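>
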Amino acid sequence: MAGVKILVQLAALFGKLSLLAVGGVNSTLPAIAREVVDGRHWLTREQFAQLFAIAQSAPGPNMLVVVLIGQRVGGVAGGVVAGLAMILPAGILVVLASGLWDRFRQARWRRVLQAAILPITGGLVLAAAVVLVEAADTAPPLIAVTAAAAALSYWSKFHPLWVLAAGTVVGLLAGL
Amino acid sequence: MRERDAGPVALGHAALFAGFFQAGIIGFGGVLPFARRMIVEQRRWMTAAEFNDLFSLCQFMPGANIVNFAFALGARHRGVSGAAAAVAGLLAAPVVIVLGLGVLYGRFGGLAVVRHGLAGLAAAAAGLVVATALKIAVPILQGAARVVVTVLAFGLVIIVHVSLPVTMLLVLPLSVGLAWRA
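One line per chain: the protein sequences are A and B, in this order. So that you can map any letter, position 120 of the first sequence is 120 in my numbering, and since no number is skipped, the others follow by simple counting. So the number in my numbering is just where the residue sits in the second sequence, counting from 1, plus 176.
(1) Tell me where the alpha helix (DSSP H) around Pro209(B) begins and ends.
(2) Consider the Cβ of Val243(B): report whether some Cβ of chain A lies at a distance smaller than 8 Å.
(3) Who are the near neighbours of Met86(A) in its chain, counting only those whose CB is closer than 6 Å to its CB and skipping five residues on each side?
(4) Give, in chain order, every residue of the stretch 209-239 of chain B whose Cβ lies closer than 8 Å to some Cβ of chain A.
(5) Ser156(A): buried (16+ other C-beta within 10 angstroms of its C-beta) or exposed?
(6) With distances taken from CA atoms, which of Tyr281(B), Ile242(B), Ala329(B) is nearest Phe52(A)?
(7) Give me the residue from Gln235(B), Pro315(B), Gly293(B) with the minimum Cα distance to Ala90(A).
(8) Check the Cβ of Arg322(B) against every Cβ in chain A and list those closer than 9 Å, keeping chain order.
(9) Buried or exposed: where does His253(B) fall if 16 or more other Cβ atoms within 10 Å of its Cβ makes it buried?
(10) Return the CA-CA distance between Ser57(A) and Leu233(B), expressed in angstroms with no decimal places.
(11) What three-state label does DSSP hand Arg110(A) in the structure shown?
(12) Would you kindly work out how many angstroms separate the C-alpha atoms of Gln50(A) and Val185(B), rounded to a whole number?
(13) Evaluate contact between the stretch 294-309 of chain B and the stretch 158-167 of chain A, counting only Cβ atoms and requiring at least three cross-stretch pairs below 8 Å.
(14) Roughly how many whole angstroms lie between the Cα atoms of Leu346(B) and Thr223(B)?
(15) For Gly195(B), does the count of other Cβ atoms within 10 angstroms reach 16, so buried, or fall short, so exposed?
(16) Of all the CB atoms in chain A, is at least one closer than 8 Å to the CB of Ser394(B)?
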């Protein structure tokens, strides 16, 4: 049974990040890695990259990595608490904002805010990519896998699951 | 006007749960395309334009976009309990699956063969995020103002190692100011 203290820590950490996840959960990945790897030493960098990859291989939204991190430190209760903390603050905010969003459909500030968020999202998601690459690519074959996966996904229409499966096979072969 | 967004008939809790459950359980590699097909084409809960408008809010607001969407759509139809039904439907299957994978990871993650496979999986997943980041960033990088904000947000996190709250505090006012002048 997970300690209550851990559950409170998970709720506080992901509750805060929930409100900072501009443009989606991926923009908080550097902050998550910083907190759970460097700050609290709940995971190693490789484990962080692996949990992210496992969440990517499952169906569902990409906030699931948060559930896996919570589960790792606080069992099933930790996973559920972390997941709820990641979705509730933002979800409540979006429900409150949705009426305003309609009312100010034509307002200039709505267009300005939308335009202002875009480049921040871009910068943060690029940062997330760097953090994951640093964490995942610990050997030359893995660097090649990342490069190939990025190129395939950017320039072709392969389903991501095929790319993930191919990467797993290469990892297995490289480990032989 | 705004009643029309909720469609002619308010959806029930069971319909909200079932629709989002369907999108969640088949949503490999991102739920958005599946949710969009379910809502706009299969169940005709919204027109494409209505979907885009509500989704633009969910992208703009913090949080997981598609989870936000379930919150907002559920709340429009049935208030707080509707939001709960939609989100529970969306996440029920994926959370159970991922918790199961987490148990397997805890038990077998240390085995050499699993470690090698996971290392390759993680490297591929990182590559997918690189591609996604480029797809998001490349179209945005038009005009000096946007480049400055993108580079600043990136640099503060990766090079200066500033925390995310501080990064937002520094970058958001600048970006709003630049967007206002544009």
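Where is the CB? At the ideal position from N, CA and C, for every residue including glycine. Just so we're clear, the structure is a prediction, and the values are computed from it rather than from any experiment.
For this structure:
(1) Translated into positions along the second sequence, residue 209(B) becomes position 33. Per DSSP, Pro209(B) belongs to the alpha helix (DSSP H) from 208-212.
(2) Here residue 243(B) refers to the residue found at position 67 when the second sequence is read from its first residue. Judged by the 8 Å Cβ criterion, Val243(B) is in contact with chain A.
(3) Locating residue 86(A) in the first sequence gives position 86, where the first residue counts as 1. Only Phe14, Ser18, Met63, Val66 meet the Cβ criterion.
(4) Asp229, Leu230, Ser232, Leu233, Cys234, Gln235, Phe236, Met237, Pro238, Gly239
(5) Counting from one through the first sequence, the residue named residue 156(A) turns up at place 156. Exposed: under 16 other Cβ atoms inside 10 Å.
(6) What you label residue 52(A) is simply residue 52 of the first sequence in a count that begins at 1. Nearest of Tyr281(B), Ile242(B), Ala329(B) to Phe52(A), Cα basis: Tyr281(B).
(7) Start at 1 with the first residue of the first sequence, and residue 90(A) comes out as number 90. Considering only alpha carbons, the answer is Gln235(B).
(8) Along the second sequence, read from residue 1 onward, the residue named residue 322(B) stands at position 146. Within 9 Å Cβ-Cβ: Ala115, Leu118, Pro119, Gly122.
(9) Taking the first residue of the second sequence as position 1, residue 253(B) is located at position 77. It is buried - the Cβ of His253(B) has at least 16 other Cβ atoms within 10 Å.
(10) Taking the first sequence and counting its residues from 1, the one referred to as residue 57(A) is at position 57. Taking the second sequence and counting its residues from 1, the one referred to as residue 233(B) is at position 57. Between Ser57(A) and Leu233(B), the C-alpha separation is close to 27 Å.
(11) Mapped onto the first sequence, residue 110(A) falls at position 110. Helix at Arg110(A).
(12) Within the first sequence, numbered from 1, the residue matching residue 50(A) stands at position 50. Within the second sequence, numbered from 1, the residue matching residue 185(B) stands at position 9. Gln50(A) and Val185(B): Cα-Cα distance of roughly 44 Å.
(13) yes
(14) Reading the second sequence from its first residue, position 170 is the one you call residue 346(B). Reading the second sequence from its first residue, position 47 is the one you call residue 223(B). Rounded to whole angstroms, Leu346(B) to Thr223(B) spans 38 Å at the Cα level.
(15) Counting from 1 along the second sequence, the entry for residue 195(B) is found at position 19. The residue is buried, with at least 16 neighbouring Cβ atoms inside 10 Å.
(16) Examination of residue 394(B) is not possible in this model, given that chain B is present from 177 through 358 alone.
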